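What follows is a set of notes on a single structure, which appears directly below.
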Ligand SMILES: Nc1ncnc2c1ncn2[C@@H]1O[C@H](COP(=O)(O)OP(=O)(O)OP(=O)(O)O)[C@@H](O)[C@H]1O
Ligand SMILES: [Mg+2]
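Residue numbers (this note's numbering), protein chains in the order written: chain H, 625 to 932; chain U, 12 to 271.
Given below as structure tokens:
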């Protein structure tokens, strides 16, 4: 599989109160073509800085990156033709008609005229914003503006899209649709996506792999599943029973009791059905059963709190 | 360089311009009212046989032309920053010089419209005919003003790119400064030595000097015109690499990210 993004040893320093500090320090990782990759981390971690460097509007002090083989420093023009990017703060000129904003970008990306209309129609349809095309940008609501931004981000059939908090300010319905669009585009056009977000549910839904970045360094990288199980080696099983009979026996087998609910922590590789068999053998009526796996949010909180 | 990209930015900006109500006021209303004020001044002064009033009117027309074209091109270049849409533009394949060409084109276009409007008013209402017999000179004056204004706008926006948006005031203070140094209403000799030396390097100076000479003696020394023209081209020649440099510097120091 082709490597979409190959980040090598990137460092970037900024000045804060006259003192230099590393916004990014020796960052290296790769994203494969067709992946939806998540960048997580607390505020000020350096996520946007990395995105800005990949977008070529910020030069790294050290290191470089290749996007589909093009060097971000040496081949800026090629990069800008290949990618597209969007941030939650993206705006367009308030006096322009949405239609014309999109046409402007199509021209800037040199999309042939005969394909222009199709692309706008297709994307507008998908994001349910056809009715917005004739509106002036300033009259749009936050979510409507975001939809324009998302359409813009896909106009040039980018091979890589960089989304910096793309769903900020969207209502749950539009946020869901946005995620669906991202998945759809990823699947249909094979677009590679690098995404930052503070909505853990979103990242968990979209991304298979993530990097956790903190203080300008990567502190964890891998599949969501692996990273979670590394931080949380156990999961919790909750079993409801009709009545608690033999407390001693249950305690001996590691159950915790709360009224008629039994809970037990299991290693990630342990099978919960053992527990049911054990209870049934001992004449318990099992009336409910659920497992609680740590979420990405738990992971995020643990990552940021452990550091302190 | 892609003509398609340049023309699309021009089309977009014309749509913006036509929607900016105050833009029309600035382009047509101010230069026109100024001309009318000075026009009446001429009517009055002619009764008193004061030929110098023609100098005043012509100089004033060029003064507001210079002002208009410089601040116009400047606003044109800065518009994307004020509206926080610059980031969107610099993350597309649009090249820096294509952007500048598109922006300057609009600046020049609107300044020309404004200037033509003013000339017509002066002609219709005050029998102003100086430009009719001297249209070659006028063409050179106009070229010098347009080239210089474009160059200064590019230089100013480069400076703001390096320093950050908080230095935006540079854009409207420089216009005033350049006009001060170019001595529109009186000969440069009035200035003390140092200022005079600076003035000699400002292309506008030669436009105003030429106008005074034209009204006075009916002709202009070609050396004055060529000096102004060469200086304006030098300004332009400096401004473009400075812009590229500022852009690169802003990518290095993180300003470009914060400019939007
Ligand atoms: N252009 C810049 N100039 C100076 N400092 C900057 C610049 N951009 C970012 N920084 C600083 O670098 C650090 C990392 O910022 P960055 O925007 O990358 O964080 P982030 O991970 O995106 O945070 P958030 O989750 O809040 O968006 C911060 O301390 C920030 O103040
Ligand atoms: Mg950020």
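Using N, Cα and C, we set each Cβ at its ideal position, and we do this for glycine too. In this text the structure is predicted, and so the values were computed from the model without any measurement.
Backbone CA spacing between residue i and residue j [nearest angstrom]
i	j	result
residue 834 of chain H	residue 170 of chain U	40 angstroms
residue 743 of chain H	residue 680 of chain H	26 angstroms
residue 906 of chain H	residue 862 of chain H	17 angstroms
residue 90 of chain U	residue 23 of chain U	12 angstroms
residue 626 of chain H	residue 692 of chain H	8 angstroms
residue 649 of chain H	residue 682 of chain H	15 angstroms
residue 215 of chain U	residue 795 of chain H	56 angstroms
residue 7 of chain U	residue 26 of chain U	Any answer about residue 7 of chain U is impossible in this case: the structure gives chain U only from 12 up to 271.
residue 233 of chain U	residue 242 of chain U	14 angstroms
residue 119 of chain U	residue 18 of chain U	15 angstroms
residue 666 of chain H	residue 839 of chain H	9 angstroms
residue 920 of chain H	residue 891 of chain H	18 angstroms
residue 915 of chain H	residue 659 of chain H	29 angstroms
residue 72 of chain U	residue 166 of chain U	24 angstroms
residue 124 of chain U	residue 93 of chain U	25 angstroms
residue 187 of chain U	residue 220 of chain U	18 angstroms
residue 887 of chain H	residue 856 of chain H	17 angstroms
residue 741 of chain H	residue 926 of chain H	48 angstroms
residue 122 of chain U	residue 779 of chain H	34 angstroms
residue 29 of chain U	residue 783 of chain H	36 angstroms
residue 748 of chain H	residue 758 of chain H	12 angstroms
residue 647 of chain H	residue 16 of chain U	35 angstroms
residue 127 of chain U	residue 153 of chain U	11 angstroms
residue 161 of chain U	residue 702 of chain H	29 angstroms
residue 102 of chain U	residue 82 of chain U	26 angstroms
residue 655 of chain H	residue 789 of chain H	18 angstroms
residue 809 of chain H	residue 688 of chain H	28 angstroms
residue 635 of chain H	residue 685 of chain H	6 angstroms
residue 868 of chain H	residue 858 of chain H	25 angstroms
residue 727 of chain H	residue 894 of chain H	56 angstroms
residue 151 of chain U	residue 142 of chain U	12 angstroms
residue 63 of chain U	residue 240 of chain U	25 angstroms
residue 266 of chain U	residue 85 of chain U	19 angstroms
residue 805 of chain H	residue 45 of chain U	56 angstroms
residue 819 of chain H	residue 878 of chain H	41 angstroms
residue 66 of chain U	residue 54 of chain U	13 angstroms
residue 700 of chain H	residue 105 of chain U	11 angstroms
Chain H residues whose Cβ lies nearer than 9 angstroms to that of residue i
i	result
residue 70 of chain U	Here the premise fails: no neighbours, minimum Cβ distance about 35 angstroms.
residue 31 of chain U	719
residue 36 of chain U	None at all; the shortest Cβ gap to chain H is about 16 angstroms.
Proximal residues of chain U, C-beta to C-beta of residue i below 8 angstroms
i	result
residue 645 of chain H	Within chain U, no residue comes near residue 645 of chain H; the closest Cβ sits about 12 angstroms away, beyond 8 angstroms.
residue 933 of chain H	Beyond the ends of chain H as shown, which are 625 and 932, falls residue 933 of chain H; an answer cannot be given.
residue 652 of chain H	Neighbours of residue 652 of chain H on chain U: none; closest Cβ ~21 angstroms, over 8 angstroms.
residue 709 of chain H	102
Contacts of residue i in chain H (Cβ-Cβ under 8 angstroms)
i	result
residue 104 of chain U	701, 704, 705, 732, 733, 734
Bridge-paired residues (DSSP) for residue i
i	result
residue 709 of chain H	H:786
residue 649 of chain H	The partner list for residue 649 of chain H (beta bridge, DSSP) is empty, contrary to what the question assumes.
residue 639 of chain H	H:644
residue 632 of chain H	H:688
residue 913 of chain H	H:863
residue 656 of chain H	H:627
residue 664 of chain H	H:836
Contacts of residue i in chain U (Cβ-Cβ under 7 angstroms)
i	result
residue 683 of chain H	262, 263
residue 679 of chain H	102
Contacts that residue i makes with chain H (C-beta to C-beta distance below 7 angstroms)
i	result
residue 95 of chain U	715
residue 15 of chain U	731, 734
residue 26 of chain U	720, 724
residue 99 of chain U	714, 716
residue 268 of chain U	676, 681, 682
Residues that residue i contacts on chain A, provided the C-beta gap is smaller than 8 angstroms
i	result
residue 728 of chain H	Any reference to chain A falls outside this structure, whose protein chains are H and U.
heavy atom of ligand 4 below 8 angstroms from residue i C-beta
i	result
residue 788 of chain H	For the structure depicted, ligand 4 is absent and the ligand set comprises only ligand 1 and ligand 2.
Query raised in the report: For ligand 1, which residues count as neighbours when the test is a C-beta closer than 6 angstroms to any heavy atom?
Result: H:638, H:647, H:665, H:667, H:668, H:669, H:670, H:671, H:672, H:673, U:265, U:268, U:269
Report task. List in chain order: all unbroken alpha helix (DSSP H) runs of 4+ residues lying wholly within the segment 812-897 of chain H. Result -> 824-830, 848-855, 871-876
Query raised in the report: In chain order, which alpha helix (DSSP H) runs of at least 4 residues are fully inside the segment 65-115 of chain U?
Result: 97-101
**Report entry** 4 or more residues per run - each alpha helix (DSSP H) lying fully within the segment 208-243 of chain U
**Finding:** 214-228
Report task. Return the chain-ordered ranges of every alpha helix (DSSP H) run that is complete within the segment 689-777 of chain H and spans a minimum of 4 residues. Result -> 700-706, 722-732, 737-750, 766-776
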